[in-house]
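All residue numbers for the sequence shown refer to UniProt numbering, where the first residue is 1 and numbers rise by one. All C-beta atoms, glycine included, are put in the ideal place defined by N, C-alpha and C. The next block holds one structure in the form of structure tokens; read it before the comments.
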Amino acid sequence: MIHITRKEHFNAAHRMYREEWSAEKNAEVFGKCANPNWHGHNYNLFVTVKGQITHATGYLIDLKELKEIIHEYVIDKLDHKNLNLDVDFMKGKMASTELVCIEIFNQLKAPIEAHEGVFLHSVRLFETENNSAEYFGD
């Protein structure tokens, strides 16, 4: 079993808030992340796939194909977008790093695993240099 990781990058804005809460309660719980004028991050995304190497090619999956999948299903939908307003798979969900990470995993699982013998192992999303979430599909 080999694990291969592809790194991608995107920029996006979001706001942490609950509409049913007052502005004061949102500020108390989410701090400056509840800014009504939004705020943004330079996200780094790490997608790890696993499986057996195909001896005819010497690799698990053509990394160009993996890049195309990640771009089609994730990067093109997130880059320079507002996660709360513009992203179909985030509609009605809190735009926390944890939930964005899970939803990215959900977007990538089927198209990656359509390649025989390739399995999505994990998605790790860095919101900042110091803060990240990782999801293994459990």
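Let me know if M90 comes out buried or exposed under the rule of 16 or more other beta-carbons within 10 Å of its beta-carbon.
-> Burial call: buried.
Given G117 as reference, the closest of V123, R124, K109 once Cα atoms are compared = That would be K109, whose Cα lies nearest to the Cα of G117.
Should the stretch 83 to 97 be called in touch with the stretch 45 to 64, which here means at least 3 C-beta pairs below 8 Å?
-> No: fewer than three Cβ pairs fall under 8 Å.
Look at the Cβ atom of A12, then the Cβ atom of L99, and state whether they are nearer than 7 Å.
-> No, the pair does not count as a contact, with Cβ atoms beyond the cut-off.
N-terminal and C-terminal residue of the alpha helix (DSSP H) that V100 is part of | 97 to 113 is the extent of the alpha helix (DSSP H) around V100.
Are the stretch 33 to 52 and the stretch 113 to 133 touching by the rule of at least three beta carbon pairs closer than 8 Å?
-> Contact holds: three or more Cβ-Cβ distances are below 8 Å.
Spatial neighbours of I2 in its chain, beta-carbon cut-off 8 Å, leaving aside the 5 residues before and after = Contacts found: K50, G51, Q52, I53, L60.
Buried or exposed (CB count within 10 angstroms, at least 16 for buried), E127 | The residue is buried, with at least 16 neighbouring Cβ atoms inside 10 Å.
Mind checking who E134 pairs with in its DSSP beta bridge?
-> For E134, which the question treats as bridged, DSSP gives the partners R124.
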